[in-house]
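Working notes, structure below.
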Amino acid sequence: MKIYNTMSKRKEEFVPLEEGKVKMYVCGPTVYNLIHIGNARPMIVFDTVRRYFEYRGYEVNFVSNFTDVDDKIIKKAIEEGVTADEISKRYIAECKKDMDAMNIMPATKNPLATEEICGMVDMIQTLIDKGYAYEKNGTVYYRTRKFKDYGKLSHKNLDDLQSGGRTLLVTGEDEKEDPLDFVLWKPKKEGEPAWESPWSEGRPGWHIECSEMSKKYLGEQIDIHAGGEDLIFPHHENEIAQSEAANGKEFAKYWMHNGFLNIDNRKMSKSLGNFFTVREISEKYDLQVLRFFMLSAHYRSPLNFSADLMEAAKNGLERILTAAENLRFLTSGAADGEMTEQEKAQAEEAQKYVRGFEKAMDDDFNTADAVASVFELVKFINTTADGSSSKAYLDSLYEELSSLTGVLGIIIEKKEEMLDDEIEAMIEKRQAARREKNFALADQIRDELLARGIILEDTREGVKWKKA
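Note that the sequence shown covers residues 4 to 471 in this note's numbering.
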């Protein structure tokens, strides 16, 4: 199995630190709003990477954090007149709903930055003791130039950064020994959440959070560190500087980064009005379609999101689901018994599509080619399975299709169809909950309906529903 390592800029054979095990850390979202489809790409990509490792028999320790203390969270809390803790807890819960709808497997651990402050303080103290950090007026800075390998991930040169005006600069710039030094700890401002430390009452810098959480839950050395390519610099570069200086050993063996997501060939931004949350997409499409769309391109390639491409993904996914449904139908009427000699030969032939899938995934998780192999298997199923097929043959085809789509996180079991009167009864129950101001129950019912393919729309005329 080969992985493209951002550090070396080439594909490398994957050799785990410990045989049969993979330690993997993926930078998670900052929770101040509903996640957008740009956040969804690394979630889907690295969930699929994890699934393939498990398909190959590895035991995966998969850690992905939530950044639950940050300027954006504080700003949102001030705007709403609530605590930062309330904002972060609300959007962690909403994020988990969206992740579940995208069929993202739960992480082994989702650490929260606010619950790991003590460990961060200890790591910062270690960096001070080793001469890699210093304190000025309650702020602790990292001495970037002291770490001789700084820039090895992003392939940036410190002198070029400074002369080119590229900035890592933060507030208190004039206190720093060097303009490129970055913050490990900052004193509190009025109205901000804060924690005790030897230097000041305050909070950690963003970069130190992931260094500490990765160390605590995976150890000083990990196999894979992953995230969007926007995190390469400065976030991941700074993580390396902190972790390797503090721990005295290589931080991560492989660095994986997914490419950007564009909307109609333009960068996604609120100012352009092309900013979509996952929740908004779920009102138009089953989120399995979004997942399938995300896997239609190689994870390192830029990916363009458009209505046409989503429709193409929907149609492609439907082909797979229809083949699965047809197999289930044929199996229900098939006679028990052994495969015929011809069926045995066909079952063996089907294995070449499995091998094609594995070859694609072994080559830096090329999901685009892996999906192509699934389509070839679907075509083979459609041409060789019929009413005369044995149950044993049909079961073998279904097992292969289920196994490959399982790696991609695509659910081929059809959701049980809900009857109209059943839907109406649940909507009435939700309306009653809203009248009683039991909004938690109302949201729970809405989410349950959404999970079963029913989309609710609250209009002036009342609640309308449609099937996804």
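Note that CB positions come from ideal geometry on N, CA and C, so glycine has one too.
Under the assumption that Thr117 contacts Val52 (Cβ atoms under 8 Å), give the Cβ distance between them as a whole number of angstroms.
Not really, about 28 Å apart at Cβ, beyond 8 Å.
Give a yes or no on contact between the segment 258-267 and the segment 14-23, applying the rule of three or more CB pairs nearer than 8 Å.
Cβ pair count under 8 Å is below three, so no.
Looking at the structure shown, is Leu172 part of a helix, part of a strand, or coil, going by DSSP?
For Leu172, the predicted model reports a pLDDT of 45, less than 50, meaning its position is unreliable; a value from the coordinates is still stated below. In this structure, Leu172 counts as coil in the three-state DSSP scheme.
Which residues in the same chain as His158 place their Cβ atom closer than 8 Å to its Cβ, once the five residues preceding and following it in sequence are excluded?
Within the same chain, Lys12 come within 8 Å of His158 by CB-CB distance, once the 5 residues on both sides are set aside.
How far does the beta strand (DSSP E) with Pro45 in it extend, from its first residue to its last?
Unbroken run through Pro45 is the alpha helix (DSSP H), Ile40 to Tyr58; no beta strand (DSSP E).
Using the rule of at least 16 other Cβ atoms within 10 Å of the residue's Cβ for burial, across every protein chain shown, is Asn194 buried or exposed?
Asn is not the amino acid found at residue 194; the sequence shown has Gly there. Looking at its Cβ environment, which holds fewer than 16 other Cβ atoms inside 10 Å, Gly194 is exposed.
Best match in Ser246, Trp258 and Ile47 for proximity to Asn8 [C-alpha to C-alpha]:
Trp258
Just to confirm the assignment, what range does the beta strand (DSSP E) spanning Leu306 have?
Leu306 to Phe308
Is it a yes or a no for the segment 203-219 touching the segment 234-241, going by three-plus beta-carbon pairs under 8 Å?
yes
Anyone know if the C-beta pair for Val48 and Ser91 falls short of 7 Å?
no
Presumed contact (8 Å Cβ cut-off) between Tyr135 and Lys151, rounded CB distance
With 8 Å as the limit, Tyr135 and Lys151 do not qualify as a contact, their Cβ atoms being about 11 Å apart.
For Leu453 and Ser285, which I take to be in contact (beta-carbon distance under 8 Å), what is that distance rounded to the nearest angstrom?
7 Å
Is the beta carbon of Ala353 closer than 7 Å to that of Glu403?
Yes.
Rounded straight-line distance, which links the Cα of Arg54 to that of Val66:
14 Å
Alpha-carbon spacing of Ser481 relative to Ile120, whole angstroms
Because the chain here runs from 4 to 471, residue 481 falls outside it and cannot be looked at.
DSSP beta-bridge partners of His260:
Gly230
Considering only DSSP beta bridges, list what Ala428 is partnered with.
Ala428 is not bridged to any residue.
DSSP beta-bridge partners for Arg269?
Residue pairing for Arg269: DSSP places it in a beta bridge opposite Ile266.
Contact between the segment 422-434 and the segment 447-461: three or more CB pairs below 8 Å?
yes
Taking DSSP as the reference, what is the three-state secondary structure of Arg93?
helix
Give me the Cα-Cα distance between Val124 and Ser200, rounded to the nearest whole angstrom.
7 Å
For Ala255, which residues of its own chain have a beta-carbon under 6 Å away from its beta-carbon, when the five flanking residues on both sides are left out?
Ile225 and His228
Below 8 Å CB to CB, which residues in the same chain sit around Val336 once its five sequence neighbours on both sides are set aside?
Per the sequence shown, residue 336 should be read as Gly rather than Val. Cβ within range, chain order: Gly390.
On the DSSP bridge assignment, give the partners of Met27 in chain order.
For Met27, which the question treats as bridged, DSSP gives the partners Phe65 and Ile227.
Out of Leu20, Gly31, Ala248 and Lys78, which has the shortest C-alpha to C-alpha gap to Ile127?
Closest by alpha carbon: Ala248.
Presumed contact (8 Å Cβ cut-off) between Ala373 and Phe383, rounded CB distance:
That belief does not hold up - the Cβ atoms of Ala373 and Phe383 are roughly 16 Å apart, past 8 Å.
Using a Cβ-Cβ cut-off of 7 Å, state whether Tyr220 counts as contacting chain D.
Protein chain content of the structure displayed is limited to a single chain, and chain D is not contained in it.
Using only alpha-carbon positions, find the residue among Ile6, Gln434 and Gly41 that is nearest to Leu234.
Gly41
Is the beta carbon of Asn250 less than 7 Å from the beta carbon of Glu212?
no
Along the chain, where does the alpha helix (DSSP H) containing Ala3 start, and where does it finish?
Nothing about residue 3 can be read from this structure; the chain reaches only from 4 to 471.
For Arg146, count neighbouring Cβ atoms within 10 angstroms of its own Cβ and tell me buried if that reaches 16, exposed if not.
buried
Specify, as a first and last residue, the run of the alpha helix (DSSP H) that Arg449 falls within.
Phe442 to Ala454
Run through the DSSP bridge pairs and tell me what Ile457 is partnered with.
Ile457 has Lys470 as its beta-bridge partners, per DSSP.
When burial is assigned at 16 or more other CB atoms within 10 Å of the CB, is Leu275 buried or exposed?
exposed
From which residue to which residue does the alpha helix (DSSP H) around Gly122 run?
It spans Ile120 to Asp132 - the alpha helix (DSSP H) in which Gly122 sits, taken as one unbroken run.
If you compare alpha carbons, which of Arg449, Gln434 and Met27 is closest to Lys219?
If we check each option's Cα against that of Lys219, Met27 comes out closest.
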